Amino acid sequence: MSVLRVRQYSNVAGLGLLVYDTLLTWEGEIEFIWTNPDGLITSCYAVSRYLVLAAQIVNAVFACAIAPKQPVNCVQWIVFQVITMMVAFWNLELVMMIRVFALYERNRSLGVLLIVWFLLSRALNLWTISEALKEAKVDSFCIPLKTPESSKWFGLNVVVNLGLLWILTARKYRRAVQERWSQYPLVRLVMRENSWVFLLLTGTVVGLLSYSLNVQQIDHIALG
């Protein structure tokens with residue numbers, strides 16, 4: 129089976145899972161999200177849920193529309209994918225920072241540190257994007273032929289940021305256990321969710337980048 133067919137099938141399958149998940153949680157979403165007066169929480173949820181869904185729809189349509197031996201212009205497509213991925217990641221990181229800020233009882237000094245930290249990370253990401261687009265090499269079907277060297281800085285940024293946020297979470301949780309107030313739902317939720325995000329994302333990013341940078345042939349990996 130060709131790499132193009134694998135990408136087409138994986139995009140359609142991914143879209144089906146996203147639609148199913150959206151329909152499955154729709155009632156709870158209306159009750160707890162869209163009636164929430166906090167605009168920041170609602171906005172973060174909308175980005176995480178519907179930006180990814182919209183991007184996957186475009187992804188699936190674009191991939192299925194490419195016929196064999198039909199060359200296309202990939203520049204706009206690559207830019208769209210990179211921007212979508214970055215915005216989704218920035219949103220995830222922002223949610224984690226909001227949780228940590230709440231866990232530390234809205235400490236003003238920590239809040240300022242998190243804002244500066246977030247902005248500096250975005251500056252590094254923008255530089256990484258510009259470098260990656262310069263290095264990008266794709267075939268006539270917009271399938272990457274190699275992984276840009278600058279992507280290792282994005283991977284490092286992911287690991288460091290999520291690692292530091294997890295350390296802040298674990299430090300507060302340890303104190304909560306020692307002082308016997310770790311049973312509160314917010315404390316347990318933040319610890320559990322931030323731990324899962326840290327483990328899954330860092331494992332995925334490190335694994336994929338290590339493989340693709342060494343092999344320098346990213347078409348072995350099915351990326352939506």
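For the sequence shown, the positions run 129 to 352 when the working numbering is used.
Ideal placement from N, C-alpha and C gives every residue a C-beta, glycine not left out.
In this text the structure is predicted, and so the values were computed from the model without any measurement.
- Annotation: the continuous alpha helix (DSSP H) that includes glutamine 204 extends over 203-231.
- Counting only residues of its own chain and dropping the five nearest sequence neighbours on each side, leucine 181 has a CB closer than 7 Å to the CB of Leu146, Thr150.
- Fewer than three Cβ pairs drawn from the segment 310-323 and the segment 248-258 lie within less than 8 Å of each other, which leaves the two stretches out of contact.
- Looking at the DSSP output, valine 266 shares a beta bridge with Pro272.
- Note on proline 165: under 16 other CB atoms within 10 angstroms of its CB, so exposed under the neighbour-count rule.
- Excluding sequence positions up to five before and after valine 266, its CB lies within less than 8 Å of the CB of Cys202, Ile206, Pro272, Leu273, all in the same chain and listed in chain order.
- In terms of Cβ geometry, serine 278 and glutamate 263 form a close pair [threshold 9 Å].
- In the DSSP assignment, threonine 153 falls outside any alpha helix (DSSP H) and carries neither an H nor an E.
- According to the DSSP assignment, leucine 292 belongs to the alpha helix (DSSP H) that extends over 279-306.
- For glycine 144, the closest alpha carbon among the candidates Val189, Leu293, Ala260 is that of Val189.
- Residue state for tryptophan 162 is assigned as coil, using DSSP reduced to three classes.
- With respect to valine 210, leucine 179 sits apart: the two C-beta atoms are not nearer than 9 Å.
- Counting the other Cβ atoms within 10 Å of the Cβ of glutamate 155 gives fewer than 16, which makes it exposed.
- With distances taken between CA atoms, methionine 224 lies nearest to Tyr173 out of Leu336, Tyr173, Pro276, Thr212.
- Inter-segment contact for the segment 322-339 and the segment 234-245 is absent: fewer than three beta-carbon pairs are separated by less than 8 Å.
- Taking all protein chains in view, the Cβ of alanine 183 is crowded by 16 or more other Cβ atoms within 10 Å, so the residue is classified as buried.
- Sixteen is the threshold: since fewer than 16 other Cβ atoms of the shown chains lie within 10 Å of the Cβ of glutamate 307, the residue is exposed.
- Annotation: leucine 179 is outside any alpha helix (DSSP H) and is labelled neither H nor E by DSSP.
- Where tyrosine 312 is concerned, there is no enclosing alpha helix (DSSP H), because DSSP gives it neither an H nor an E.
- When C-alpha distances from asparagine 187 are compared across Phe326, Trp281, Cys270, the shortest belongs to Cys270.
- In the three-state scheme derived from DSSP, where H, G and I count as helix and E and B as strand, asparagine 235 is classed as coil.
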